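As given, the protein sequences belong to chains F and L, one line each in that order.
Under the numbering used here, the first residue of the first sequence is numbered 1, with each subsequent residue one higher.
Under the numbering used here, the first residue of the second sequence is numbered 1001, with each subsequent residue one higher.
Even glycine gets a Cβ: it sits at the ideal position worked out from N, Cα and C.
Only a predicted model underlies this, so the values are computations on that prediction, with no experimental measurement involved.
Notes for the one structure printed next.
Protein chains: 2
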Amino acid sequence: MGEKRYLLTPGPTPVPDEIIKAMAQPIIHHRTPQYRDIAKTVNEGLKKIFKTDNNVLTFTSSGTGAMEASVINTLSRGDTAIVVRGGKFGERFTEICTAYGVKAVPIDIEWGRGPEPQAIEEALKKAPNAKALFMQLCETSTATVYDVKSIGNITGKTGAILIVDAISGLGADEFNMDTWGVDIAIGGSQKAFMIPPGLSFTAISKKAWNLVRQSNLPKYYYDFNKYERLMEKSDSPWTPAITLMIGLEKAISMILEEGVDKFVERHKLDAEFVRKTVKDMGLELFSKFPSNAVTAVKVPKDIDTSKLIKSLKSEGVTFAGGQGELKGKIFRIAHMGGIARKDLEHALAKLKEVLKKEDVKL
Amino acid sequence: MGEKRYLLTPGPTPVPDEIIKAMAQPIIHHRTPQYRDIAKTVNEGLKKIFKTDNNVLTFTSSGTGAMEASVINTLSRGDTAIVVRGGKFGERFTEICTAYGVKAVPIDIEWGRGPEPQAIEEALKKAPNAKALFMQLCETSTATVYDVKSIGNITGKTGAILIVDAISGLGADEFNMDTWGVDIAIGGSQKAFMIPPGLSFTAISKKAWNLVRQSNLPKYYYDFNKYERLMEKSDSPWTPAITLMIGLEKAISMILEEGVDKFVERHKLDAEFVRKTVKDMGLELFSKFPSNAVTAVKVPKDIDTSKLIKSLKSEGVTFAGGQGELKGKIFRIAHMGGIARKDLEHALAKLKEVLKKEDVKL
């Protein structure tokens, strides 16, 4: 099928051949012991990757579905929640809260920076009735990793639960749901999990379950109780995305074979390699706290971002542009999941070539 | 991979090799002209299959997600809706309405029968403020096709919109959204569309859009407006299930190549063949108005249903059992999508063998 393509975007990420092969087997029915074995293995594997003793519920939806689920299962109309807003996905939590009549108190931080623990403490003091604090592990739009550990330490001493969108960060950035005191952790399929989009994951702490019992926001498809009730039987309330679950089982076995910590460590080294290489080219990083999942690079002043991305695409290399207010100002290089070091080397060599061709003064 | 398996369940249905191959190609990004072409082709094809001029929105979710979307986008808290309840999926609409504070007035019908137009007229007269009438095209749990056409004729003369769960029926049973006066039609991927589960479809009439504008139920992921707004650009608000969309594009091209009416006609003939064959064996049909998608067969008194299904499974043939109150009383044979006549012949021959072995007196 022609030359290899280099898809280095922060979701979807390339799907390894072993996973594609697993998903290409004849489909099986979901109300069977065969499928329940897969669902069980997936839950057990996800628990190891989330580093939690809680079950991990799997929804057929994009990551946004699980973000919505975390709001509507824990909060009630008129509740107050604090939302860290330092990029597009912080904004999304704010929008979801607002759509459901939850008062979202934003902690606005400069894009590319992370929330200061002190600002979180102050916000919680100012809104002592806040039932939840929403934040990202990796804010994909700015390629920034947030200090979840320190913030979990703060929320752990309050009545508020900590809800972390770890969709793009999980598997790439260090994450430890239980010891960090995260109450709801959210993941997605098309990131470090290296399977196609269509699944999202949610783990729920005991503290969060207490809120779930009080929540009066309406829900049906995303009702945590409907899923949790069936976890013991490794069953699901609605027809699951069977082929994606089969792909996920394979992906998890690959991650566990490598070892969760080693998998994260590899992402760290790849991220360092990318950052060093682009800085050596004379380019500047956008984020002050760069994630291991994705690197945001400032576009030099004399360069047209969309032209740069197009030129690279014609060479078979796909980078993502900026989102929201960063459109035209950055490009993003993902280094997670099935993206190998040699893919990064190739892509960065092409970037260098294209910049040279365009005669950019760096 | 060993002997051919015969998965004759009403979802998932077997995925043809051409579709598996299309889905096994390296993944592409969704914010690209290449993906937008796919999304555009899918919308245009679905319109032809739904027989509508309205756009068909595609969600990453099971069919239940689109059922919920049809409630929360059109209704408001305290609204009244009439729900045809003649099986598990009629019950589901009732549950969703109730979860959102919508008063669901059920029209309870004997399982295996369809709603009488007269009963619908009376219900609408008794609840003149009802904003919507919910029903199935094929009630999968009883394998019964409902007379959507006659009921569309009735709701068309009222202010109520007609919402049809056509998830298992579409492509198998005759359906004509626009000329029948259906206001919201819902489809799903793992039925006659012969791709794996994970996508659901919703088409919305002008009359329904008027209600969408008034609806005050909270929503975010399933917000019709967020999807419709992007349809012109063939874009979607959240990351779509890219591989399933690629499979769907292929499935639609296969259906359109055969011709939508011929595709439905083939299902009709296969359904007739299955019904005749089981009756010739001395078995009795459950439904009074059998669907073209699936046939429900009464289990003879002296037979243990789960044993029968297990025996067939050990022969490579998978039938579905009954759901809800029909558990243990029926088994169901699907004949839709990629299930070919020769698969049905093989499966029914095995059924005959197994019944003979068990020495059932028919």
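Taking a beta-carbon distance threshold of 8 angstroms, P1010 (chain L) does not count as an interface residue toward chain F.
About 6 angstroms separates the beta carbon of K1219 (chain L) from that of N1073 (chain L), a gap short enough to meet the 8 angstroms contact definition.
DSSP places Q136 (chain F) inside the beta strand (DSSP E), whose first and last residues are 132 to 136.
Within the same chain, V148, K149, G152 come within 7 angstroms of W180 (chain F) by CB-CB distance, once the 5 residues on both sides are set aside. Not a single CB atom of chain F sits nearer than 8 angstroms to the CB of L1351 (chain L). A residue is called buried once 16 or more other Cβ atoms fall within 10 Å of its Cβ, and G1101 (chain L), having fewer, is exposed.
In the DSSP annotation of this structure, T239 (chain F) is not part of any beta strand (DSSP E), being labelled neither H nor E. Within the region 254 to 296 of chain F, the alpha helix (DSSP H) runs of at least 4 residues that lie entirely inside it are, in chain order, 260 to 280. For V1145 (chain L), same chain residues with a beta-carbon under 6 angstroms away, outside a window of 5 residues either side, are C1138, D1173, F1289, S1291 in chain order. Per the coordinates, the alpha-carbon of N1129 (chain L) lies some 29 angstroms from the alpha-carbon of K1051 (chain L). Look at the region 184 to 216 of chain F and you find these whole runs of beta strand (DSSP E), each 3 residues long or longer: 184 to 188, 199 to 204. With a minimum length of 4 residues, the unbroken runs of alpha helix (DSSP H) contained wholly in the region 1071 to 1100 of chain L fall at 1088 to 1099.
For L1162 (chain L), the uninterrupted beta strand (DSSP E) run begins and ends at 1161 to 1165, by DSSP. At a cut-off of 8 angstroms, the C-beta of R1005 (chain L) has a neighbouring C-beta in chain F.
In terms of Cβ geometry, S1314 (chain L) and S61 (chain F) do not form a close pair [threshold 8 angstroms].
In the assembly as shown, P1115 (chain L) is a buried residue. Its beta-carbon has 16 or more other beta-carbons within 10 Å. Of the residues assessed, L1269 (chain L) falls on the exposed side of the cut-off, its CB having fewer than 16 other CB atoms within 10 angstroms. I1303 (chain L) is not a Cβ neighbour of L1008 (chain L), given a cutoff of 8 angstroms. Contact between I1163 (chain L) and D1183 (chain L) holds: CB atoms are separated by about 6 angstroms, below the 8 angstroms threshold.
The C-beta of T1074 (chain L) comes no closer than 8 angstroms to any C-beta of chain F.
Inclusion of P1010 (chain L) and T1202 (chain L) in the CB contact set at 8 angstroms is not warranted, their separation being larger than that value. It is roughly 6 angstroms from the alpha-carbon of P196 (chain F) to the alpha-carbon of S189 (chain F).
Looking at the backbone, the Cα of G45 (chain F) and that of K1126 (chain L) are separated by about 54 angstroms.
Residue nearest to N1176 (chain L) within the set L:L1075, L:L1211, L:V1260, L:D1343 is L:V1260 (criterion: CA-CA distance).
The shortest C-alpha to C-alpha distance from L199 (chain F) to any of F:L217, F:K103, F:A66, F:D17 is the one to F:A66. Here the C-alpha atom of H1267 (chain L) lies approximately 7 angstroms from the C-alpha atom of A1293 (chain L). Along the region 175 to 190 of chain F, the positions whose C-beta sits under 7 angstroms from a C-beta of chain L are Q190, read in chain order. Here N1210 (chain L) is exposed, its C-beta having fewer than 16 other C-beta atoms within 10 Å. DSSP, reduced to helix, strand and coil, places A1024 (chain L) outside both helices and strands of the structure shown, so it counts as coil. At the C-beta level, P106 (chain F) and R85 (chain F) come within 8 angstroms of one another. Three or more Cβ pairs closer than 8 angstroms define a contact, and the region 11 to 18 of chain F falls short of that threshold against the region 212 to 230 of chain F.
Membership of V148 (chain F) in the alpha helix (DSSP H) is indicated by the continuous run 148 to 155. Burial is judged here by how many other beta carbons sit within 10 angstroms of a residue's own beta carbon; A349 (chain F) has fewer than 16 and is exposed. Check the Cα spacing between A340 (chain F) and each of F:F286, F:M194, F:E68, F:T305: the tightest is with F:M194.
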